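K.L.:
Just so you know, our numbering puts 120 at position 120 of the sequence shown, and the rest follows in order with no gaps.
Cβ atoms here follow ideal geometry from the backbone N, Cα and C, with glycine treated the same way.
No experiment lies behind these values; they were computed from the predicted model shown.
Before we start, here is the structure in question, set down as structure tokens.
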Amino acid sequence: MWSEGYNIKRNLAKYSKMNKYLLIRLGAIGDIVLATAAIEAISQAEPGSQIDLVCKARFAGLLKGHPKLANVYGFDETGRHSGLRGLLMFIHELSANNYNFIIDLQNNPRSRMITLCLNAGKKIHWPKDTWRRRMLVWGRGRGKTYKTVIQRYLAAVEKAGVKQPEAKPKLYPVVDDTIKLPQGEFIAIAPGAHWPTKRWTGFASLIAKMQNAYFKIVIVGDKSDKAIAEEIIKTSGANATNLCGQLDLAQLTYVLSQAKLLVTNDTGAMHIAEAAGTPVAAIFGPTVKQFGFAPWRPESRVIETELDCRPCALHGSKKCPKGHFNCMKLITAEQVKDSMAQ
């Protein structure tokens, strides 16, 4: 049973003597992408096992063409699965499945309800660490080293007997020849972010400094980023390709997989690019690497300014609590350009 997701047709007969896993991750884009490390771990340890995933329906496109998933169940939180009645309907749609393991990588009331009501030999809940990140915001423990979200996801699947500590997130881009990309190598730019304080304002200056560079520029984002991209192109005078608002998640994954590099704020595009095989130069302002969501590829870079007021929020905010926005304003286009050359 598939719900607002993508069906990867598989011959499930070969799974009869292997384990059946259900992973649940109802978070945002980056959360789902990072959770693919758990899929890779299970697949590496048990190549024949069946792996199903529950995610929000609007993000199911990220997993289009994923060869290691038997089923993706899309939870339509604003449509047919909204409210308690919708949640119970969704649970009923999954109730015929009997899993060996259900691994709840969300661990909120909704995911716990789904886990509780389904049949499984063993149920595992990922321990949330929101309290630790809040402590960082409050100024406690900033000098310590913490496990990344990827490491913590892998620790959850280890409770199911799967030990693959080196597994990494991975997406499988589907080639889309309908997208008009520039010929030759290009650098992708993702200037948007849900929260205003996570948006670096120096992209136009950066692109202007890259005018004589060999690489072409492709700007990506959703519909809300289109005007930002147009202003960047106008201010920089660059002949860039603006794809904002033109791509679904599967297409975005393909575009980022073709880029030489992605220059981005701390957003979902950063995680998509890395999982699709592309390094990133990520600009961090109100958030910090210690939250556990930083880039993991050796070639990737984080550009940030060391300030006592960082981090100031778990996810960003509408405006700088201090009023100066120095975490972003002090990052120069030259700094970002230099990081790209490393």
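Leaving out five residues on either side along the sequence, give the residues of the same chain with a beta carbon under 6 Å from the beta carbon of R297.
P.N.:
Walking along the sequence shown from the start, residue 297 turns up at place 297. Once the five neighbours on either side are set aside, the close Cβ partners of R297 are E274, P279.
K.L.:
Taking the alpha carbon of A57 as the reference point, which residue from K234, S49, Q50, G79 has its own alpha carbon closest?
P.N.:
By 1-based counting over the sequence shown, the position of residue 57 is 57. Ranking K234, S49, Q50, G79 by Cα distance to A57 puts G79 first.
K.L.:
Sorted by chain position, which residues of the same chain lie with C-beta nearer than 8 Å to H194's C-beta, five sequence neighbours on each side aside?
P.N.:
Taking the first residue of the sequence shown as position 1, residue 194 is located at position 194. Contacts found: T267, H315, G316.
K.L.:
Over what stretch of residues does the beta strand (DSSP E) that includes V302 continue unbroken?
P.N.:
Numbered from 1 along the sequence shown, position 302 holds the residue referred to as residue 302. From DSSP, the beta strand (DSSP E) with V302 extends over 301-303.
K.L.:
Could you pull out every residue in the same chain whose Cβ sits closer than 6 Å to the Cβ of L171, ignoring the five residues on either side in sequence?
P.N.:
In the sequence shown, counting from the first residue as 1, residue 171 sits at position 171. The residues are T253, A275, A276.
K.L.:
Skipping 5 residues on each side, what residues in its chain have a beta carbon closer than 8 Å to that of K209?
P.N.:
The sequence position of residue 209 within the sequence shown is 209, counting from 1. Here the set comprises A333, E334, K337.
K.L.:
If you scan the stretch 189-221 from start to end, which runs of the beta strand (DSSP E) of 3 or more residues do you find wholly inside it?
P.N.:
As far as the stretch 189-221 is concerned, its whole beta strand (DSSP E) runs of at least 3 residues are 216-219.
K.L.:
Could you give the residue range of the beta strand (DSSP E) that holds V288?
P.N.:
Counting from one through the sequence shown, the residue named residue 288 turns up at place 288. Here V288 belongs to no beta strand (DSSP E), and DSSP marks it neither H nor E.
K.L.:
In this structure, what does DSSP give as the bridge partners for D52?
P.N.:
In the sequence shown, counting from the first residue as 1, residue 52 sits at position 52. Answer is L22, N71, bridged to D52.
K.L.:
Would you kindly work out how many angstroms separate the C-alpha atoms of M45 and H324, rounded to a whole number?
P.N.:
For the purposes of this step, residue 45 is taken as the residue at position 45 of the sequence shown. For the purposes of this step, residue 324 is taken as the residue at position 324 of the sequence shown. A quick correction: the sequence has Ala, not Met, at residue 45. So the alpha carbons of these two residues sit roughly 49 Å apart.
K.L.:
When the Cβ atoms of the stretch 120-130 are set against those of the stretch 154-171, are three or more pairs found closer than 8 Å?
P.N.:
Flag = yes, the stretch 120-130 and the stretch 154-171 touch.
K.L.:
How about L22 and Y99: do their beta carbons lie closer than 8 Å?
P.N.:
Along the sequence shown, one-based indexing puts residue 22 at 22. Along the sequence shown, one-based indexing puts residue 99 at 99. Cβ atoms of L22 and Y99: closer than 8 Å.
K.L.:
Whole angstroms are fine: how far does the CA of D31 sit from the CA of G237?
P.N.:
In the sequence shown, the residue the question calls residue 237 occupies position 237. In the sequence shown, the residue the question calls residue 31 occupies position 31. Their backbone Cα atoms lie some 35 Å apart in a straight line.
K.L.:
Could you check how far apart the C-beta atoms of W200 and I331 are, in whole angstroms? I think they sit under 8 Å.
P.N.:
Taking the first residue of the sequence shown as position 1, residue 200 is located at position 200. Taking the first residue of the sequence shown as position 1, residue 331 is located at position 331. 6 Å between Cβ atoms; contact.
K.L.:
Which residues share a DSSP beta bridge with K122?
P.N.:
As a working mapping, residue 122 is identified with position 122 in the sequence shown. F101.
K.L.:
Under DSSP, the alpha helix (DSSP H) around N265 begins and ends at which residues?
P.N.:
Start at 1 with the first residue of the sequence shown, and residue 265 comes out as number 265. Counting along the chain, N265 falls outside any alpha helix (DSSP H), though it belongs to the beta strand (DSSP E) covering 261-265.
K.L.:
Name the two residues that bound the continuous alpha helix (DSSP H) containing K168.
P.N.:
Along the sequence shown, read from residue 1 onward, the residue named residue 168 stands at position 168. Per DSSP, K168 belongs to no alpha helix (DSSP H) and is neither H nor E.
K.L.:
Quick check on P165: buried or exposed, where buried means 16 or more other Cβ atoms within 10 Å of its Cβ?
P.N.:
Indexing the sequence shown from 1 puts residue 165 at position 165. Under this definition P165 is an exposed residue.
K.L.:
Taking one C-beta from the stretch 56-70 and one from the stretch 85-105 each time, how about it: are there three or more such pairs within less than 8 Å?
P.N.:
The stretch 56-70 vs the stretch 85-105: no contact.
K.L.:
R80 lies in the alpha helix (DSSP H); which residues open and close that run?
P.N.:
Working through the sequence shown from its first residue, we reach residue 80 at position 80. From DSSP, R80 is part of no alpha helix (DSSP H); its letter is neither H nor E.
K.L.:
Under a three-way DSSP split, which group does I187 fall into?
P.N.:
Translated into the one-based positions of the sequence shown, residue 187 becomes position 187. DSSP places I187 in strand when its eight states are reduced to three.
K.L.:
Buried or exposed for C244, going by 16 or more other Cβ atoms inside 10 Å?
P.N.:
Numbered from its first residue, the sequence shown carries residue 244 at position 244. Looking at its Cβ environment, which holds 16 or more other Cβ atoms inside 10 Å, C244 is buried.
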